[in-house]
Every structure is written in C-alpha cells, then in structure tokens.
Amino acid sequence: MSDRRTGTIARLPKELKDKVCLMLRDGCEYRAVIDLLAQQGIECNDQNVSNWMKFGGMDEWIKEHQRLEDMRAKREFALKIVQENEGSLIHEAGMQVAASQIYEVLNDFDVESLKEKLKGDPENFSRLVNAMSKLSDSGLKYERYKAEVKAAKDRALTELGKARAKGGITPETLEKIEHELKLL
Amino acid sequence: MNRTQEIRHECLLQLYGAKELGVTAAHVRKKAKREGFDYSEQEVGDALFFLAGQEFAKRLQEPATGVVRYQITSKGMLEYENAQ
Chain X
1 MSDRRTGTIA RLPKELKDKV CLMLRDGCEY RAVIDLLAQQ GIECNDQNVS NWMKFGGMDE
61 WIKEHQRLED MRAKREFALK IVQENEGSLI HEAGMQVAAS QIYEVLNDFD VESLKEKLKG
121 DPENFSRLVN AMSKLSDSGL KYERYKAEVK AAKDRALTEL GKARAKGGIT PETLEKIEHE
181 LKLL
Chain R
1001 MNRTQEIRHE CLLQLYGAKE LGVTAAHVRK KAKREGFDYS EQEVGDALFF LAGQEFAKRL
1061 QEPATGVVRY QITSKGMLEY ENAQ
C-alpha cells in the first residue's frame, strides 16, 4: 500500500522491527537498539530512533500490535472452544465455521460498553453477577455429567473386552453393560 | 493513504489477525468502527473483494447459510508483513 513510512526503523523487516519496537516499548535505551541493528549490519543512529518515536511510527506500531494481540487471543479461545467439543457437539466439517462464528461473537463483546451500561446501576450489576454464577454452575454440572458418561463408557468397553476374551457375553456381563448404557 | 487504501489496509489487518478463521464484511466494519473508522459495509465489501482479486484473501461461502466470509491467504499474510 502506498504512503508507507520510509524511515530507517519503518523499513526494517517485520520480525526485526517487532523486536526493536518491543525493546523501545519496554524502555530500552536507544543505544541498545542501535547496537542490535548494528549486529544485523544495519546502520542506525539516535536520530533515526528518535524520529520513529516522535513522528508516530511507534504509536502506530503499538496500536496495531495491541489489536493483533487481542485478535490472536480471541482466535485461540474460539479454536479452543471448538476443539474441546470435537466429536460431540460440532461436526468436523462445521468446525471452521463454528470457530469463525465464535470468533465474531467474542469480538462483538465490548468490555467498555458493558462498563458504560453498568455504570451507576447496581441493580443491573447484581443481575449480571447472578446470571454468571448460574452459568458457571451449569457449566460445572455439564462437566460432571461428561465425566460420568466417559467413565460409564469406559466401564462398558472394559466389560466388552473381557467378554470377548472369554469367547462370549455372559448374562452377568450383559446386565452390567445394559446398566451402564442406561446411565448414558 | 487515501480512503480506499485505508479501508484495504484495515481489512488486511483484520484478516491477518483472524488468520485461519474467515470473517464477514459486516464484522470487519463493526470492528473498524470500534477503532474509530466509519466505513460503510459496501466499502468494506469492495475492499475485501479487491483483496480477493489480488489473491490476498479467499472468499468462502457457508453452504448452509450462504454467509460469505473472507479468509487471508499466505500471499496476503506476506503482503501484510512486508507492508509493515
């Protein structure tokens, strides 16, 4: 795209520029940046770094870096949710779509506007806390149910394995399996 | 950077952030608006269409709903990184 910045730091390859900007963001001295670039064979002086800091290059980088970090976190969270439900709730073919949808929902959630809405309204805040505690309770119950189902399935499979080894299913084994399956 | 280029840059940034996940034009617009950029959905759609034409993005259509999403390509990622 045109109108790119043309300073020494601006023209660095992304990886190196990110390194330099992270150093500057963390408060490193210009000298350290100049030394790092010198190691890579790039000539740079105090003025170059100062220009980058003074004329908005650094501000732009920070803003974009923060946005990308935020998107990365949301993307990873969306993918994690989908992967955790792999093989149960979401069919594999729909996983990418589901992840995209969750990603968009996560991005739609705006903490600032939520804060704004809750400001000066303690009643709404208590309602929100209530809803969240109900949600987390349901989540715990669901996790417990999932663990119970998994344990029951494992028991049923063990019994089946034993029956196969014996050469057939005894009435007791069959009864045990039926019992476990009823739990599901 | 003129307005059109600015919108294309914003779209490419968002696609780069979403990586393997596709995003809709409406979503890109909403997110841009939150950052203080007031683009219309048509403008964003045009920019995404342009990026797809340059092979920086891929157009994906959800078979069940018909929703159109755009996903960045390797070429698009490199373009974004080089433009930095």
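Residue numbers (the working numbering), protein chains in the order written: chain X, 1 to 184; chain R, 1001 to 1084. Note that the Cβ used here is the ideal one computed from N, Cα and C, for glycine as well.
Since residue i sits in a beta bridge, which residues does DSSP pair it with?
i, result
"Ile1072(R)", "Ala1057(R)"
"Val1023(R)", "Tyr1070(R)"
Could you tell me the distance, in whole angstroms, from the CA atom of residue i to the CA atom of residue j?
i, j, result
"Leu210(X)", "Arg1008(R)", "Outside the shown range of chain X (1 to 184) lies residue 210(X), about which nothing can therefore be said."
"Lys17(X)", "Phe1037(R)", "26 Å"
"Arg5(X)", "Gln101(X)", "35 Å"
"Ile169(X)", "Ala163(X)", "5 Å"
"Glu172(X)", "Lys134(X)", "42 Å"
"Leu36(X)", "Lys54(X)", "20 Å"
"Ile9(X)", "Met58(X)", "10 Å"
"Lys1033(R)", "Gly161(X)", "59 Å"
"Thr1024(R)", "Glu112(X)", "23 Å"
"Tyr1016(R)", "Leu1060(R)", "16 Å"
"Leu1048(R)", "Lys176(X)", "59 Å"
"Glu1085(R)", "Lys80(X)", "The structure shown has nothing for residue 1085(R), since chain R only spans 1001 to 1084."
"Val105(X)", "His1027(R)", "9 Å"
"Gly1066(R)", "Gln66(X)", "32 Å"
"Leu118(X)", "Arg31(X)", "47 Å"
"Glu60(X)", "Ala99(X)", "29 Å"
"Arg1022(R)", "Ala1064(R)", "In the sequence as presented, Arg is not what sits at residue 1022(R); that position holds Gly. Distance between the alpha carbons of Gly1022(R) and Ala1064(R) is about 15 Å."
"Gln1014(R)", "Lys153(X)", "43 Å"
"Glu1062(R)", "Ile42(X)", "47 Å"
"Met1001(R)", "Lys1058(R)", "24 Å"
"Asp110(X)", "Gly1053(R)", "32 Å"
Does the Cβ of residue i have 16 or more other Cβ atoms within 10 Å, making it buried, or fewer, making it exposed?
i, result
"Ala191(X)", "The structure shown does not extend to residue 191(X), since chain X spans only 1 to 184, so no value can be given for it."
"Leu1012(R)", "buried"
"Val159(X)", "With the sequence shown as reference, residue 159(X) is identified as Glu, and Val is not the correct amino acid for it. Per the 10 Å Cβ criterion, buried."
"Glu1010(R)", "buried"
"Gly139(X)", "exposed"
"Tyr1039(R)", "buried"
"Asn48(X)", "buried"
"Thr1004(R)", "exposed"
"Val129(X)", "exposed"
"Asn124(X)", "exposed"
"Leu157(X)", "exposed"
"Gly1045(R)", "buried"
"Asn107(X)", "buried"
"Met71(X)", "buried"
"Arg1069(R)", "buried"
"Ala165(X)", "exposed"
"Arg1029(R)", "buried"
"Gln40(X)", "exposed"
"Lys63(X)", "exposed"
Note down, in chain order, each residue of its chain lying with its Cβ closer than 8 Å to the Cβ of residue i, except the 5 sequence neighbours on either side.
i, result
"Glu1055(R)", "Thr1073, Lys1075 and Gly1076"
"Phe1050(R)", "Arg1008"
"Glu1020(R)", "Gln1071"
"Lys1031(R)", "Gln1014"
Excluding the 5 residues preceding and the 5 following residue i in the sequence, name in chain order all residues of the same chain whose CB lies nearer than 7 Å to its CB.
i, result
"Arg155(X)", "Glu180"
"Tyr103(X)", "Lys74, Arg75 and Ala78"
"Glu1043(R)", "Ile1007"
"Asn51(X)", "Gly7"
Which residues in chain C sit within 7 Å of residue i, going by Cβ to Cβ distance?
i, result
"Glu1041(R)", "The question asks about chain C, but that chain is absent: this structure's protein chains are X and R."
Short of 6 Å in beta carbon distance, which residues of its chain neighbour residue i, apart from the five on each side in sequence? Order them along the chain.
i, result
"Lys14(X)", "none"
"Met95(X)", "Val82"
"Val33(X)", "Val20, Met23 and Val49"
"Cys44(X)", "Thr8, Ile34 and Leu37"
"Asp46(X)", "Tyr30"
Using a threshold of 7 Å, is the CB atom of residue i nearer than that to any non-hydrogen atom of the ligand ZN?
i, result
"Leu24(X)", "This structure simply doesn't include the ligand ZN, nor any ligand for that matter."
What are the residues in the region 1017 to 1039 of chain R lying within 8 Å of chain X by C-beta distance?
Taking 8 Å as the Cβ-Cβ cut-off against chain X, the residues of the region 1017 to 1039 of chain R that qualify are Gly1017, Ala1018, Lys1019, Glu1020, Leu1021, Gly1022, Val1023, Thr1024, His1027, Lys1030, Lys1031, Arg1034 and Glu1035.
Residues of the region 1049 to 1075 of chain R in Cβ contact with chain X at a cutoff of 7 Å, in chain order, please.
Taking 7 Å as the Cβ-Cβ cut-off against chain X, the residues of the region 1049 to 1075 of chain R that qualify are Glu1062 and Arg1069.
Pull out every residue of the region 8 to 24 of chain X whose Cβ sits closer than 7 Å to any Cβ of chain R, in chain order.
Listed by position, the residues of the region 8 to 24 of chain X near chain R (Cβ gap below 7 Å) are Lys14 and Lys17.
Any residues in the region 54 to 68 of chain X with a beta carbon nearer than 9 Å to a beta carbon of chain R? Which ones, in chain order?
Taking 9 Å as the Cβ-Cβ cut-off, the region 54 to 68 of chain X approaches chain R at Trp61, Lys63, Glu64, Arg67 and Leu68, given in chain order.
Closer than 8 Å between beta carbons: that is the criterion. Which residues of the region 102 to 116 of chain X meet it against chain R?
Under the 8 Å Cβ criterion, the region 102 to 116 of chain X contributes Tyr103, Glu104, Asn107, Asp108 and Asp110.
Note down, in chain order, all residues in the region 24 to 53 of chain X with a beta-carbon under 7 Å from any beta-carbon belonging to chain R.
The region 24 to 53 of chain X vs chain R, Cβ under 7 Å: nothing.
To be precise: take each residue of the region 149 to 162 of chain X, compare its Cβ to all Cβ atoms of chain R, and keep it if any distance is under 8 Å. Which residues remain?
For the region 149 to 162 of chain X, which is checked against every Cβ of chain R, not one residue is closer than 8 Å.
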